[in-house]
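What follows is a single structure, written as structure tokens, with notes after it.
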Amino acid sequence: MSRGFDVVVIGAGPAGYVAAIRAAQHGKSVACIDEWKNKDGNNAFGGTCLNAGCIPSKALLESSELFHRARHEFKKHGIKTGDVELDLVAMQKRRASIVRQLTGGIAGLLKANKIEGLVGHGKLLAGKQVEFTSVAGTVEVIDAGNVILASGSAPIEIGIAAFDDDKIVDSWGALEFDAVPKRLGVVGAGVIGLELGSVWSRLGAEVTVLEAMDDFLFMADRDVAKVAAKEFKQQGLDIKLGAKVSSAKAGKNSVAVSYDDKDGVQSIEVDKLVVAVGRRPHTDNLLADDAGIQLDDRGFIIVDDECRTRVKGVYAVGDCVRGPMLAHKGSEEGVMVADLIAGEIAEVNYDVIPSVIYTAPEIAWVGKTEAEVKESDRAYKTGSFPFAASGRAKAMEQTSGMVKIISSQDDDEILGVHIVGPMAGELIAEAVLAMEFSASTEDIQRTIHAHPSLAEAMHEASLAVDNKALNFPNKP
Ligand code: FAD
Ligand code: AMP
Numbered sequence: 033m034s035r036g037f038d039v040v041v042i043g044a045g046p047a048g049y050v051a052a053i054r055a056a057q058h059g060k061s062v063a064c065i066d067e068w069k070n071k072d073g074n075n076a077f078g079g080t081c082l083n084a085g086c087i088p089s090k091a092l093l094e095s096s097e098l099f100h101r102a103r104h105e106f107k108k109h110g111i112k113t114g115d116v117e118l119d120l121v122a123m124q125k126r127r128a129s130i131v132r133q134l135t136g137g138i139a140g141l142l143k144a145n146k147i148e149g150l151v152g153h154g155k156l157l158a159g160k161q162v163e164f165t166s167v168a169g170t171v172e173v174i175d176a177g178n179v180i181l182a183s184g185s186a187p188i189e190i191g192i193a194a195f196d197d198d199k200i201v202d203s204w205g206a207l208e209f210d211a212v213p214k215r216l217g218v219v220g221a222g223v224i225g226l227e228l229g230s231v232w233s234r235l236g237a238e239v240t241v242l243e244a245m246d247d248f249l250f251m252a253d254r255d256v257a258k259v260a261a262k263e264f265k266q267q268g269l270d271i272k273l274g275a276k277v278s279s280a281k282a283g284k285n286s287v288a289v290s291y292d293d294k295d296g297v298q299s300i301e302v303d304k305l306v307v308a309v310g311r312r313p314h315t316d317n318l319l320a321d322d323a324g325i326q327l328d329d330r331g332f333i334i335v336d337d338e339c340r341t342r343v344k345g346v347y348a349v350g351d352c353v354r355g356p357m358l359a360h361k362g363s364e365e366g367v368m369v370a371d372l373i374a375g376e377i378a379e380v381n382y383d384v385i386p387s388v389i390y391t392a393p394e395i396a397w398v399g400k401t402e403a404e405v406k407e408s409d410r411a412y413k414t415g416s417f418p419f420a421a422s423g424r425a426k427a428m429e430q431t432s433g434m435v436k437i438i439s440s441q442d443d444d445e446i447l448g449v450h451i452v453g454p455m456a457g458e459l460i461a462e463a464v465l466a467m468e469f470s471a472s473t474e475d476i477q478r479t480i481h482a483h484p485s486l487a488e489a490m491h492e493a494s495l496a497v498d499n500k501a502l503n504f505p506n507k508p
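Given below as structure tokens:
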């Protein structure tokens, strides 16, 4: 007789494991299937985010930033260190240990919530059945009351620069280098390309980023992108815009990269090349032909606003469906679906999802850019406050960047908040909460912010929207 669960989740990344936990909190019997295998050969829960994405990249960003500051900033604080040396082996051990602790934590959470964690491959069959193939090769068909597909995404591979897992690598490979490449090439100046480029540049690599588009950070507000471009240039990141990579050939010791720009065909030679041109939905061998699930032309599982597929009782969440490929977006979809299965009313507010780029300075935003607001024809007002005028930022020696708020002219609703500067990824939470509660700019103006804090920049930017900033000259 086959086993049955109220809910079977395929994928234990931030979308899947969170959905499983919430479903268990509702008293459902739950199984969560995952096949992730790390480079050491061990299986682990947590998906891309914990094993090869958000967490290991932030571990290395933190370590490399400290290394950079110790070498270049401590002197300004009056701290003498002698030579600061890099111990990459120790740095990589720390990264791996953080990943191990957190993925082990997910296994613990599944157990604590009485979720059956199944290690192996899951495939949706017709009639809400799931075929589970364990790592040992045994095959079992499980009956599911509901199925949540959370199979995530994988790096896009381009034929002209195919991965060889040595000199031409994806983002995961670039997180696990065991030596600092002297010359590093990065294809794609998106979030992942910039974060990885920053890590290795701070650790001593000469980094060239090749980006096909003419606009830098096209998805960000133009004022923020301008500050970021200037800062990255000063830090030594060589970002070439309008540079479309046309071929990459790995030789014995290096990679020859060709790209087209406005002046014709150019070439550079690097020791390692990271291809970070985006990610594709991962649905390999996930769906039986008669499972009834539809994919769109880019391979995403088609769902409605509540993450329902066209098969009743089968949902899909996270990177394998439309919307930004962000861990917190997937987790919130997981919660929504589990709540819906339990008969509750639930929704995800797709208009208020924060985006963060963890470079130095950090970049974060929520809501619309000024260009998007302009296009919507809504009358608007803006206010900015530079971190150069913030006492806390000065004390931190991190004065680049600003907070910019865009609000509607008629009813003062906050339409977008854009930050480039220290701790932008933390500061944006206030803006997200404000927008979630449909706050006006005046609500932030009348909220008391601690002094001295970086959050005061948010307060002052809200005042600047109405030409009432106190610690910086207002617009004439
Ligand atoms: P995933 O995390 O990809 O998990 C899917 C899981 O399902 C995997 O474990 C996979 O093995 C498993 N699986 C797939 N198919 C099957 C199957 N048939 N059977 C069994 N198991 C299966 N996002 C942020 O929000 N913040 C960041 O700072 C950030 N940094 C990133 C840095 C890098 C370098 C990368 C690559 C990504 C980063 N992301 C970040 C994106 C983030 O990792 C993803 O948005 C997130 O992991 C998506 O979650 P998910 O659960 O949908 O999928
Ligand atoms: P993201 O989707 O945010 O990870 O960003 C990927 C980036 O890679 C985008 O900005 C693309 O324009 C860029 N890109 C894609 N293909 C190429 C290419 N052949 N050469 C240079 N940049 C590319």
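Residue numbers (my numbering): 33 to 508.
Backbone N, C-alpha and C define an ideal beta-carbon position, used for all residues, glycine too.
No experiment lies behind these values; they were computed from the predicted model shown.
- Task: Can you give me the Cβ contacts of arginine 126 inside the same chain, cut-off strictly under 7 Å, excluding the 5 residues immediately before and after it?
- Result: The count along the sequence shown starts at 1 and reaches residue 126 at position 94. Once the five neighbours on either side are set aside, the close Cβ partners of arginine 126 are Ala91 and Ser95.
- When we look at the beta-carbon of valine 167 and count the other beta-carbons within 10 Å, is it buried (16 or more) or exposed? Numbered from 1 along the sequence shown, position 135 holds the residue referred to as residue 167. When all chains shown are included, valine 167 counts as exposed.
- Query: Taking 7 Å as the cut-off, does the CB of methionine 357 come closer than this to any heavy atom belonging to the ligand FAD?
  - Reply: As a working note, residue 357 is residue 325 in the sequence shown. Indeed, a heavy atom of the ligand FAD lies less than 7 Å from the Cβ.
- Exposed unless 16 or more other CB atoms sit within 10 angstroms - verdict on methionine 467: As a position in the sequence shown, residue 467 is number 435, starting the count at 1. Methionine 467 comes out buried.
- Task: For the beta strand (DSSP E) containing tryptophan 397, list its first residue and its last residue.
- Result: Looking up residue 397 in the sequence shown gives position 365. Where tryptophan 397 is concerned, the enclosing beta strand (DSSP E) stretches over 394-399.
- Query: Any heavy atom of the ligand AMP closer than 7 Å to the Cβ of isoleucine 224?
  - Reply: As a first step, residue 224 is located in the sequence shown; it is residue number 192 there, counting from the start. Here the distance from the Cβ of isoleucine 224 to the nearest heavy atom of the ligand AMP is below 7 Å.
- Message: If we require 3 or more residues per run, which beta strand (DSSP E) segments fall completely within the segment 287-365?
- Response: Correct list: 287-293, 296-302, 304-307, 311-313 and 346-348.
- Item | Simplified DSSP state of glutamine 133, which is helix, strand or coil | In the sequence shown, counting from the first residue as 1, residue 133 sits at position 101. In the structure shown, glutamine 133 falls within a helical segment according to DSSP collapsed to helix, strand and coil.
- Message: Whole angstroms are fine: how far does the CA of glutamine 266 sit from the CA of serine 422?
- Response: Counting from 1 along the sequence shown, the entry for residue 422 is found at position 390. Counting from 1 along the sequence shown, the entry for residue 266 is found at position 234. CA-CA distance, serine 422 to glutamine 266, rounds to 22 Å.
- Task: Give a yes or no on whether 8 Å exceeds the smallest Cβ distance from phenylalanine 250 to chain C.
- Result: Given the protein chain composition of this structure (a single chain), no chain C is represented.
- Item | Anticipated Cβ contact below 8 Å, glycine 350 with glycine 152, distance rounded | To locate residue 350, count along the sequence shown from 1; it is residue 318. To locate residue 152, count along the sequence shown from 1; it is residue 120. About 19 Å separates the two Cβ atoms, so there is no contact after all.
- Neighbour-count burial assignment, tyrosine 382, 16 or more Cβ in a 10 Å radius: For this step, residue 382 is matched to residue 350 along the sequence shown. Looking at its Cβ environment, which holds fewer than 16 other Cβ atoms inside 10 Å, tyrosine 382 is exposed.
- leucine 207 Cβ short of 7 Å to the ligand AMP heavy atom set: Numbered from its first residue, the sequence shown carries residue 207 at position 175. Leucine 207 Cβ: outside cutoff for every heavy atom of the ligand AMP.
- Message: My parser needs the alpha helix (DSSP H) runs of 4 or more residues fully inside the segment 106-184; what are they?
- Response: Those alpha helix (DSSP H) runs which fall completely within the segment 106-184 and span 4+ residues are 106-109 and 120-144.
- Look at the alpha carbon of arginine 234 and the alpha carbon of lysine 199, and state the distance between them as a whole number of angstroms. Residue numbering aside, residue 234 sits at position 202 when the sequence shown is read from its first letter. Residue numbering aside, residue 199 sits at position 167 when the sequence shown is read from its first letter. If I take the Cα positions, the gap works out to 20 Å.
- Query: Taking Cβ to Cβ, would you say leucine 242 is nearer than 8 Å to serine 203?
  - Reply: One-based indexing of the sequence shown puts residue 242 at position 210. One-based indexing of the sequence shown puts residue 203 at position 171. Taking 8 Å as the Cβ cut-off, leucine 242 and serine 203 do not qualify as a contacting pair.
- Item | C-alpha gap between glutamate 394 and glutamate 429, whole angstroms | Start at 1 with the first residue of the sequence shown, and residue 394 comes out as number 362. Start at 1 with the first residue of the sequence shown, and residue 429 comes out as number 397. Taking the straight line from one Cα to the other gives about 14 Å.
- Message: Along the chain, where does the alpha helix (DSSP H) containing glycine 423 start, and where does it finish?
- Response: Taking the first residue of the sequence shown as 1, we reach residue 423 at position 391. Run containing glycine 423: 423-427, per the alpha helix (DSSP H) assignment.
- Message: With three or more C-beta pairs closer than 8 Å as the rule, is the segment 365-381 touching the segment 403-422?
- Response: They do not touch, by the three-pair rule.
- Message: Quick check: is any heavy atom of the ligand FAD less than 7 Å from the C-beta of isoleucine 65?
- Response: Taking the sequence shown and counting its residues from 1, the one referred to as residue 65 is at position 33. In terms of side-chain proximity, the C-beta atom of isoleucine 65 is found nearer than 7 Å to a non-hydrogen atom of the ligand FAD.
- Message: Residues in the same chain with beta-carbon distance under 7 Å from serine 363, minus the five sequence neighbours each way, listed in chain order, please.
- Response: As a working mapping, residue 363 is identified with position 331 in the sequence shown. Hits under 7 Å: Pro46, Ala47 and Val50.
- Proximity of leucine 305 and alanine 194 at Cβ, strictly below 8 Å: One-based indexing of the sequence shown puts residue 305 at position 273. One-based indexing of the sequence shown puts residue 194 at position 162. Cβ atoms of leucine 305 and alanine 194: not closer than 8 Å.
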